[in-house]
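Undergrad:
Chains as they are written, first to last, in my numbering: chain S, 75 to 186; chain A, 6 to 119.
#1: Name the residue from A/44, A/11, A/102 and A/81 whose alpha carbon lies nearest to the alpha carbon of residue 35 of chain A.
#2: Give me the chain S residues within the contact set of residue 50 of chain A, using Cβ-Cβ distance strictly less than 8 Å, ordered along the chain.
#3: If residue 96 of chain A and residue 26 of chain A are in contact, beta carbons under 8 Å, what's the gap, nearest whole angstrom?
#4: Between the C-alpha atoms of residue 94 of chain A and residue 118 of chain A, what's the straight-line distance to the nearest angstrom?
#5: Among the candidates S/157, S/97 and S/85, whose CA atom is the shortest distance from the CA of residue 147 of chain S?
#6: Looking only at its own chain, which residues have a Cβ that is under 6 Å from the Cβ of residue 15 of chain A, when we skip the five neighbours before and after it?
#7: Count the other CB atoms within 10 Å of the CB of residue 80 of chain A; is the residue buried (16 or more) or exposed (fewer)?
#8: I want to know whether the stretch 177-185 of chain S touches the stretch 152-159 of chain S - three or more CB-CB distances under 8 Å.
#9: Please check if any C-beta of chain A sits within less than 8 Å of the C-beta of residue 131 of chain S.
#10: In its own chain, which residues sit with a C-beta less than 7 Å from the C-beta of residue 13 of chain A, not counting the 5 before and 5 after it?
#11: Tell me, to the nearest whole angstrom, how far the beta carbon of residue 56 of chain A is from that of residue 77 of chain A; I am working on the premise that it is less than 8 Å.
#12: Quick one: what's residue 35 of chain A bridged to in DSSP?
#13: Taking the alpha carbon of residue 67 of chain A as the point to measure from, which residue in A/46, A/74, A/58 and A/90 has its own alpha carbon closest?
#14: Out of S/166, S/151, S/177 and S/164, which one is the CA nearest neighbour of residue 88 of chain S?
#15: Roughly how many angstroms lie between the CA atoms of residue 91 of chain S and residue 109 of chain S, to the nearest whole one?
#16: I want to verify the contact list: residues of chain A whose CB lies under 8 Å from the CB of residue 196 of chain S, in sequence order.
#17: Answer with yes or no whether the minimum CB distance from residue 82 of chain A to chain S is below 8 Å.
#18: Closer than 7 Å by beta-carbon distance: list the chain A residues that pair up with residue 122 of chain S, in chain order.
#19: How about residue 90 of chain S: is its C-beta nearer than 8 Å to some C-beta of chain A?
#20: Can you find a heavy atom of the ligand ATP that lies under 7 Å from the Cβ of residue 102 of chain A?
Laid out in structure tokens, this is it:
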């Protein structure tokens with residue numbers, strides 16, 4: 075598996091339900107970020123969690139980070155049709171060059 | 006400008022031609038990143054700049070790809086002798102500094118090589 079791999083690859087839920095996406099990575103990181111992409115164009119930053127943080131909230135978003143398991147999860151509560159998009163995690167390594175790696179993404183569909 | 010801009014937004018070219026893609030980062034952002042995204046795929050890191058220098062060029066797919074940044078601002082990604090497999094969306098992002106900060110993405114350039 076590659077650095078920054080999300081699962082599931084695709085998720086379909088009803089409006090109002092919660093959506094959980096997971097991201098696994100391999101190397102030591104400085105921080106991990108979640109991004110959202112609509113229609114295959116530019117990504118929008120959602121939330122950043124640093125390596126010394128375990129949980130972070132922003133509105134309906136909740137991100138957790140477990141550095142011992144090298145994994146993160148993104149929870150979207152009370153989903154809306156407008157949340158339909160692809161979600162990517164990105165990791166920034168902690169050594170040498172500042173390499174950033176994006177995962178393969180989770181395609182979320184929220185059905186009205 | 007208010008955000009990252011890229012031009013052109015769409016480019017159709019013939020196999021074997023050279024193309025130049027441009028990225029205008031947010032003013033004051035020292036870090037600039039180029040990514041490639043093939044249809045339905047994740048983002049493939051190509052190169053990043055800290056100021057005008059590119060410490061990590063390991064992501065460039067081949068020697069047909071090159072990038073430069075001048076004046077710590079605008080960057081161009083050049084693809085020489087384009088191939089059909091170069092067809093993708095090329096995304097540029099900038100951040101205040103490398104590594105620790107949020108990346109702000111441009112809308113991308115959709116390249117189609119016929």
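No residue lacks a Cβ here, since even glycine has one placed at the ideal position from N, Cα and C.
TA: Answer, in terms of the structure:
#1: Of A/44, A/11, A/102 and A/81, the residue nearest in Cα terms is A/102.
#2: Here the neighbours are 173, 174, 175 and 176.
#3: 10 Å between Cβ atoms; not a contact.
#4: Spanning the two alpha carbons is a distance of roughly 12 Å.
#5: Between residue 147 of chain S and the set S/157, S/97 and S/85, the nearest pair of CA atoms involves S/97.
#6: These residues qualify, in order along the chain: 115.
#7: By the beta-carbon neighbour count (other beta carbons within 10 angstroms, threshold 16), residue 80 of chain A is buried.
#8: Yes: the two stretches touch, three or more of their Cβ pairs being nearer than 8 Å.
#9: Cβ-Cβ to chain A under 8 Å: no for residue 131 of chain S.
#10: When the five nearest sequence neighbours on each side are left out, the beta carbons in the same chain lying within less than 7 Å of the beta carbon of residue 13 of chain A are those of 114, in order along the chain.
#11: That pair is a contact at about 5 Å.
#12: Residue 35 of chain A is not bridged to any residue.
#13: Taking only the C-alpha atoms, the option nearest residue 67 of chain A is A/90.
#14: Ranking S/166, S/151, S/177 and S/164 by Cα distance to residue 88 of chain S puts S/151 first.
#15: Cα to Cα, residue 91 of chain S sits roughly 20 Å from residue 109 of chain S.
#16: This structure gives no information on residue 196 of chain S, because the portion of chain S shown stretches from 75 to 186.
#17: Residue 82 of chain A has a beta carbon lying at 8 Å or more from every beta carbon in chain S.
#18: Near residue 122 of chain S (Cβ distances below 7 Å), the residues of chain A are 107.
#19: No, residue 90 of chain S does not count as interfacial toward chain A.
#20: Among the components modelled here there is no ligand, and therefore nothing to report on the ligand ATP.
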